[in-house]
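Asks: Take this structure, written in structure tokens, and hold onto it; I'll ask about it next.
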Amino acid sequence: MTTSSYWSRRGFLTAALSSALAVSALPAPAAFAADAFDSLRLRWRELVLGTGFSAADPLYASRLSALGALAASYRSAMAPSSASLWPDLPYSSYAGDPVTGSYGRLKTMAMAHAQPGTGLTGDPGLAADIVAGLEHVHDGVYNASFTLPSSNWWWNAEIGAPQTLLDVCVLMYDSLSAAQITDYCAAVDHFLPDSEVASYSGRSTGANRVDFCKVFALRGVVGKTPAKIALGRDALSPVFPYVTSGDGFYRDGSFIQHVSIPYTGSYGAVLISGLAWIFALLKDSTWDLTDPNKQLMLDAVEHSFAPFLYNGVLMDGVSGRAISRGLPATSTNNFASSDHARAQSLMAALVMLAIGASSTEQTRWRGMVKGWLQRDYYLGLNANLGLDVASLSRLLAARDDSTLTAIAEPVGHRVFGSADRATHRRPGWAASLSMSSARVAFYEFGNQENKRGWHTGSGMLYWWKDTTLGQFSDAFWPTVDPYRLPGTTVSKKTLADGAGGDFGGPRPTSSWAGGATDGTYAALGMDIRGLQSTLAGRKSWFFLDDSIVCLGAGIGCSDGTGVETIVENRNLGSAGTHTLTVDGVAQPSTTGWSATLTGTNWATLAGMGGYVFPGGATVKALRQERTGRWSDVNGNGSTTPFTRRYLTLWVDHGTDPAGGGYSYVLMPGADPTTTAARAAETGWLTILANTVNQQGVQVTSRGFTAVNFYGTGTVGPLTSNAAASVVVRESGATATLCVSNPTQTVSAVDVTWSRAVSAVVTQDPSVTVLSTGASLKIRVDTAAKAGATQRITVTLA
Numbered sequence: 001m002t003t004s005s006y007w008s009r010r011g012f013l014t015a016a017l018s019s020a021l022a023v024s025a026l027p028a029p030a031a032f033a034a035d036a037f038d039s040l041r042l043r044w045r046e047l048v049l050g051t052g053f054s055a056a057d058p059l060y061a062s063r064l065s066a067l068g069a070l071a072a073s074y075r076s077a078m079a080p081s082s083a084s085l086w087p088d089l090p091y092s093s094y095a096g097d098p099v100t101g102s103y104g105r106l107k108t109m110a111m112a113h114a115q116p117g118t119g120l121t122g123d124p125g126l127a128a129d130i131v132a133g134l135e136h137v138h139d140g141v142y143n144a145s146f147t148l149p150s151s152n153w154w155w156n157a158e159i160g161a162p163q164t165l166l167d168v169c170v171l172m173y174d175s176l177s178a179a180q181i182t183d184y185c186a187a188v189d190h191f192l193p194d195s196e197v198a199s200y201s202g203r204s205t206g207a208n209r210v211d212f213c214k215v216f217a218l219r220g221v222v223g224k225t226p227a228k229i230a231l232g233r234d235a236l237s238p239v240f241p242y243v244t245s246g247d248g249f250y251r252d253g254s255f256i257q258h259v260s261i262p263y264t265g266s267y268g269a270v271l272i273s274g275l276a277w278i279f280a281l282l283k284d285s286t287w288d289l290t291d292p293n294k295q296l297m298l299d300a301v302e303h304s305f306a307p308f309l310y311n312g313v314l315m316d317g318v319s320g321r322a323i324s325r326g327l328p329a330t331s332t333n334n335f336a337s338s339d340h341a342r343a344q345s346l347m348a349a350l351v352m353l354a355i356g357a358s359s360t361e362q363t364r365w366r367g368m369v370k371g372w373l374q375r376d377y378y379l380g381l382n383a384n385l386g387l388d389v390a391s392l393s394r395l396l397a398a399r400d401d402s403t404l405t406a407i408a409e410p411v412g413h414r415v416f417g418s419a420d421r422a423t424h425r426r427p428g429w430a431a432s433l434s435m436s437s438a439r440v441a442f443y444e445f446g447n448q449e450n451k452r453g454w455h456t457g458s459g460m461l462y463w464w465k466d467t468t469l470g471q472f473s474d475a476f477w478p479t480v481d482p483y484r485l486p487g488t489t490v491s492k493k494t495l496a497d498g499a500g501g502d503f504g505g506p507r508p509t510s511s512w513a514g515g516a517t518d519g520t521y522a523a524l525g526m527d528i529r530g531l532q533s534t535l536a537g538r539k540s541w542f543f544l545d546d547s548i549v550c551l552g553a554g555i556g557c558s559d560g561t562g563v564e565t566i567v568e569n570r571n572l573g574s575a576g577t578h579t580l581t582v583d584g585v586a587q588p589s590t591t592g593w594s595a596t597l598t599g600t601n602w603a604t605l606a607g608m609g610g611y612v613f614p615g616g617a618t619v620k621a622l623r624q625e626r627t628g629r630w631s632d633v634n635g636n637g638s639t640t641p642f643t644r645r646y647l648t649l650w651v652d653h654g655t656d657p658a659g660g661g662y663s664y665v666l667m668p669g670a671d672p673t674t675t676a677a678r679a680a681e682t683g684w685l686t687i688l689a690n691t692v693n694q695q696g697v698q699v700t701s702r703g704f705t706a707v708n709f710y711g712t713g714t715v716g717p718l719t720s721n722a723a724a725s726v727v728v729r730e731s732g733a734t735a736t737l738c739v740s741n742p743t744q745t746v747s748a749v750d751v752t753w754s755r756a757v758s759a760v761v762t763q764d765p766s767v768t769v770l771s772t773g774a775s776l777k778i779r780v781d782t783a784a785k786a787g788a789t790q791r792i793t794v795t796l797a
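Using this note's numbering, the letters of the sequence shown map in sequence onto residues 1 to 797.
This is the structure:
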């Protein structure tokens, strides 16, 4: 057919019926491989369809039946014309994804044809319609002589469309002629030429690069072209090494995409998923990967991904625009875009990645997945209707494998200096901190997604107990007040949706963001700036075993609006009435209640945790119901309304404050008795400094002293000659000093600790001892360290 010829609806079905007679005589997909290409194609088919499950199992039967019903609806809605295959996906509508959308529906039909138990399994008429549909899209728009606008290159041309088309080619291979395979491969070559991976730059980096390689490799398999498979393999190599700027994995475990966005949970997950498919496809074949840097990607499982997975939650702070992706308008599945659903998709990728890894890695990763799935009470695999049958089968195989030991959540702290992120894990709870700087954007807006994520990088402090795993999952983003995200200090200045521009990655001008950790405790800080605002100030967080000490100082603004620090903004669900107790007195649980609580020493929110305000504070409180739609935060989201209740606590700094500050201690999981006891123990915490120049604390009972220096100065026993974060941990006769330069602009820092030291036990190569004795003085080389912590351990005199 030519690109100018089209079927009428009747002609289309007549052609399909004629093809059906031929297709019905074709053999089932070959059970043997004639050559190496067939072997790889059958392997890909198996990965797409899944193995080891019974179609009669109710868990799969319902999904397979739904797949068949969806495929049947797509089939009956086909109305081929010169403008489209389906009327609601006109080829000229380049604002969306009509080409990929059309191929996606054909893939659904192909899956229903290939999978057992769909009601359409092996249906020759369906096969004919799929083939006819492929021809229609090819002749109409996706062919080697057509040019698609570049406005949506990902979907319509270079990634989304060819990946989906090639999947259909694999599934329907025995129904396609050699000429059709040649035509479809030529179309892929036209829209994704080899030159797209000639250099590692522009859009050909990170996750996009892996997607390109996935297309090349599969196109080579389908078209039996060894050079394309080799190109898909070899063009991966620039993805593997650690980067020091731009997109990719950093030595500290950070992953960045779009130059300045922490994206481990979205683009990073796509990247590792794409690698998993390629590694699994090519393993032990002629084209198996031999680049030794491949191991860096395998190491990323525990170095980059696992730190952001907690009991089945994939933390939103590294998921970028994906946090705003709501539900289809017709869906009632509130898990489709949740942090738990994204986590399970990532877990499925990790299980597949294990296929291409060592047996030791495979056992450990499957054990990690087993533990995450077992502990995730909020979203069981049965309830996640967004999982395809193949992914579900792989996850269930890991969860239910009696030979595997479920690996427990680790305890410790990680600072991701290249992403301005940190995670803190303790028995029974975990926290994650999102900051921004001249290196890392406030947030990302693009494709009308994440329209109100303005303040997600302004010190947002996420935290979960092992019994409150749905805190940010239950319609949080469409219903939360975007000016009152927990942990942030923000101007109430009204911002337009998407403020900062499409993919602009608006960044603060300040560079101080990050901190130091000994792996258990930590000091983090941020020189905060406001998005399109005059807001400025200093924020610090000191992470301990049962609490997080939060300080703010030098908070100023001249926007003509109020400034607030949000101590808490808890999602209580659709009907939560969790009791707020303030200094031993239960407050009203009525929705709409608000109060200014003066002289507050401590508070608890039942089932959640406690808050201590050293020296007393004036705290404002509000209970409210908030109704929102995913479309409020994402132009492509559902318009179905959700209503959720919130309990908000904040410090009001007033309009256009100067020199504002705050101090409070967050105690996840603490009850009134524990919280009151901590508040009464006035000697437990000493705030050494809380000024615009330094912020520091000392907790003697934990042997912990930490200071964030925004410049030179002395605080308590510590002195620094430059911007630095310093953590001291004393334990018996030894102590460890941990130092970092969060600005990442200082080449060396001199730190003095006024404590008698007799000997040095260990030290990083970056640490030079200038003197010991009555005090310890060290010089720390911080050049090219990307804010990483440098350590020295000493014996106390």
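Every residue, glycine too, gets a C-beta built ideally from N, C-alpha and C.
Whole angstroms are fine: how far does the CA of L176 sit from the CA of S84?
Replies: 22 Å
Asks: DSSP three-state call for Q471: helix, strand or coil?
Replies: DSSP places Q471 outside both helix and strand once states are collapsed to three, so it counts as coil.
Asks: Please specify which runs of the alpha helix (DSSP H), each continuous and at least 4 residues long, are wholly inside the segment 462 to 531, giving them in chain order.
Replies: 476 to 479
Asks: Sort out for me which residues DSSP pairs V543 with in a bridge.
Replies: According to the sequence displayed, residue 543 carries Phe and not Val. Answer is A522 and I548.
Asks: By Cβ distance, which residues of its chain are closer than 7 Å to A341, with the 5 residues on each side in sequence left out?
Replies: F335, L379, N384 and G386
Asks: May I ask you to list the residues that DSSP assigns as paired with I355?
Replies: DSSP lists no partner for I355.
Asks: On the DSSP bridge assignment, give the partners of L738 in chain order.
Replies: For the record, residue 738 in the displayed sequence is Cys; it is not Leu. Paired residue(s): V727 and R791.
Asks: Would you mind sorting A733 into buried or exposed? The rule is 16 or more other CB atoms within 10 Å of its CB.
Replies: exposed
Asks: What residue range is occupied by the uninterrupted beta strand (DSSP E) comprising P124?
Replies: Careful: P124 lies outside any beta strand (DSSP E), inside the alpha helix (DSSP H) at P124 to G140.
Asks: How many Å lie between Y611 and T517 at the Cα?
Replies: 23 Å
Asks: Considering only their Cβ atoms, is the gap separating L580 from A617 smaller than 8 Å?
Replies: Cβ atoms of A617 and L580: not closer than 8 Å.
Asks: I need the straight-line Cα distance from T795 to L737, nearest angstrom please.
Replies: 11 Å
Asks: Might you give, ordered along the chain, the residues of its own chain that have their beta carbon closer than 7 Å to the beta carbon of A300, omitting 5 neighbours on each side?
Replies: F249 and I272
Asks: Of all the options T479, L281, A496 and T244, which has the alpha carbon lying nearest to the alpha carbon of P641?
Replies: T479
Asks: Can you tell me whether S304 is helix, strand or coil according to DSSP?
Replies: helix
Asks: If we count Cβ pairs, one from each stretch, closer than 8 Å, do we get three or more for the segment 487 to 501 versus the segment 692 to 709?
Replies: In this structure the segment 487 to 501 does not lie against the segment 692 to 709, because fewer than three pairs of beta carbons, one per stretch, are closer than 8 Å.
Asks: Kindly give me the distance between the Cβ atoms of V389 and Y60, rounded to whole angstroms, as I take these residues to be in contact under 8 Å.
Replies: Taking 8 Å as the upper bound for CB-CB distance, V389 and Y60 are in contact here, some 6 Å apart.
Asks: Put H258 into one of helix, strand or coil per three-state DSSP.
Replies: coil
Asks: If you draw a straight line from the alpha carbon of G713 to that of T719, how long is it in whole angstroms?
Replies: 6 Å
Asks: I need the straight-line Cα distance from A188 to F255, nearest angstrom please.
Replies: Note that residue 188 is Val in the sequence shown, not Ala. Distance between the alpha carbons of V188 and F255: 29 Å.
Asks: Going by CA-CA distance only, name the one from M78, C169 and P98 that's closest to R41.
Replies: Answer by Cα proximity: C169.
Asks: Run the CB neighbour count on A441, radius 10 Å, all protein chains shown included, and call it buried at 16 or more, exposed below.
Replies: Burial state of A441 is buried, judged by a 10 Å Cβ sphere holding 16 or more other Cβ atoms.
Asks: From T793 to Q763, what distance separates their C-alpha atoms?
Replies: 6 Å
Asks: When the distance is taken between beta carbons, is N708 closer than 8 Å to G515?
Replies: Yes, the pair counts as a contact, with Cβ atoms nearer than the cut-off.
Asks: Return the CA-CA distance between W454 and S319, expressed in angstroms with no decimal places.
Replies: 14 Å
Asks: Which residues does DSSP list as the beta-bridge partners of T762?
Replies: Paired residues: T793.
Asks: I'd like the span of the alpha helix (DSSP H) that includes E46, first residue to last.
Replies: A36 to L49
Asks: Return the chain-ordered list of same chain residues with a C-beta closer than 6 Å to the C-beta of W593, the five sequence neighbours on each side being excluded.
Replies: R623
Asks: Specify, as a first and last residue, the run of the beta strand (DSSP E) that P427 falls within.
Replies: Neither: P427 is in no beta strand (DSSP E) and is coded neither H nor E.
Asks: Residue range of the beta strand (DSSP E) that F416 falls in?
Replies: G412 to F416
Asks: Under three-state DSSP, which class holds L605?
Replies: strand
Asks: May I have the straight-line CA-CA distance separating R529 from G428, to the nearest angstrom?
Replies: 33 Å
Asks: Could you name each continuous beta strand (DSSP E) segment of 3 residues or more that falls completely within the segment 623 to 698, going from the start of the chain to the end?
Replies: 641 to 655, 660 to 668 and 686 to 690
Asks: Return helix, strand or coil for E409, following the three-state DSSP convention.
Replies: coil
Asks: For F709, write down the residues that DSSP places opposite it in a beta bridge.
Replies: Q694 and A724
Asks: What whole-angstrom Cβ distance do P765 and L685 have, given they're in contact under 8 Å?
Replies: In fact, because the Cβ distance is near 35 Å, the residues do not count as touching under 8 Å.
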